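Data first, discussion second: the structure below is written as structure tokens.
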Amino acid sequence: VFQFRYRFDGKQQRVDIGTYPLMKLAEARNELDRLRAVLDQGRNPKLYLQQERAKYSANQSFESIFRDWIDSAGKQGLKEKTWHYQKRSSEIYLLPRLGKYPLTDINELSLRNCLREVSESSPSNTERLVSVLHKFYDWLIDEQILEINAAAGITAKKVGGKKGKRTRVLNDNEIRILWRYLHESKITEKNRIYIKLLLLLGGRKGELIQAEKHHFDLQSAMWTVPIEIRKQGEKIGAPIMRPLIKPAIELIELAMQMSKSTYLFPANGQEALATNGFDTTIPNNVKIWARRSLGIEMEHWSMH
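Numbering-wise (the UniProt record's numbering), the sequence shown opens with residue 1 and increments by one.
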């Protein structure tokens with residue numbers, strides 16, 4: 001157990017900071033520095049921690065506590081780019097599925113089902129998200145917010161994080177069906193532009209969904225996909241430079257006009273990053289539309 005021993009109001013006192021190995025030595029040192037600063041302000045570190053921990057309750061939503069954690073304790077010991085990527089992946093894949101539920105309502109099965117859904121559309125992200133959940137739940141236990149660690153028995157392998165490469169692609173006729181769907185169905189304008197750009201640019205959906213306006217240089221007709229967004233970006237160490245054709249530029253200009261955010265495709269026109277939820281149902285909607293409108297049965301496919 002890491003402890004901070006100090007004198008306050010003329011008396012010797014101590015407070016538990018955390019336990020090893022849930023808290024690493026470097027993290028304990030950072031916490032010690034933080035509590036020393038509290039003491040220097042004339043406040044009792046023990047009461048300060050009690051008040052800080054009391055603001056969290058297991059009845060609060062997953063999202064409210066997770067956001068506080070990932071911007072503070074969840075950031076410790078990580079490179080800025082690594083933390084940034086973990087946060088965005090969590091916003092895209094975890095929060096839409098778990099965010100609204102109280103922590104007390106989320107058990108191991110809930111986490112497994114969430115991660116299995118993620119592995120269906122993005123197996124490469126599953127291992128990263130398992131790691132994030134392990135750290136988050138370790139912190140919840142260490143802070144005595146929860147007594148049972150729902151993430152303890154979860155591994156990427158158990159939830160399908162190690163899938164083989166998918167080979168399913170849309171043929172020319174299926175692309176025509178998709179294009180007709182974009183013009184003849186009631187799909188929103190934002191989603192219509194998003195899917196058209198995926199078709200025209202050939203990029204990954206995660207790259208486009210996380211794209212910010214300044215990533216696009218329309219005068220030079222170039223889209224820069226930053227290291228923290230591209231797949232294996234940190235390992236490769238270089239961004240992707242994607243040339244833009246004229247039809248794509250016109251669509252990007254429309255998306256920029258519609259967006260009030262720094263992101264090209266924000267959530268419901270707001271500042272927040274768009275979540276993965278708005279594109280996971282599209283393939284099924286296309287299949288239903290093709291069956292009802294054209295009498296055509298499409299094979300299962302997913303957006304990559």
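Beta carbons are placed, not taken as given, at the ideal position from N, Cα and C, and that holds for glycine.
Keep in mind it's a predicted model, so treat the numbers as computed, not measured.
Here the region 241-248 makes contact with the region 200-217; the two share three or more CB pairs at distances below 8 angstroms. Cβ-Cβ separation between L115 and L103: approximately 17 angstroms, too far for a contact (criterion under 8 angstroms). Listed in chain order, the non-local C-beta contacts of W301 below 7 angstroms within the same chain comprise R168, L170, P283, local neighbours out to five positions each way being set aside. At a Cβ-Cβ threshold of 9 angstroms, K213 and L251 do not count as neighbours.
Counting C-beta atoms within 10 angstroms of its own C-beta, P21 has fewer than 16 neighbours from the protein chains shown and is therefore classed as exposed. By the Cβ neighbour-count rule, W289 is buried, with 16 or more other Cβ atoms within 10 Å of its own.
Between L47 and F4, the C-beta spacing is not below 9 angstroms.
DSSP places I240 within a strand segment (E or B) once states are collapsed to three. Counted as a single uninterrupted DSSP element, the stretch harbouring I229 is not any alpha helix (DSSP H), since DSSP gives it neither H nor E. A contact is defined here as three or more CB-CB pairs under 8 angstroms, and the region 221-228 fails this definition with respect to the region 172-190. Closest option to L49, judged by alpha-carbon separation, among L111, D142, Q12, G10: D142. Using a 10 angstroms sphere on the CB of E207, the tally of other CB atoms reaches 16 or more, which defines it as buried. Short of 8 angstroms from the beta carbon of L109, and not among the five residues preceding or following it, lies no beta carbon of its own chain.
Proximity to I154 across S220, P45, L133, G18 peaks at L133, based on C-alpha coordinates. One alpha carbon belongs to F136, the other to N173, and they sit about 46 angstroms apart.
Cα atoms of V15 and A28: separation of roughly 12 angstroms, rounded to the nearest angstrom.
Shown here, P21 sits in coil according to DSSP, grouped into three states, outside any helix or strand.
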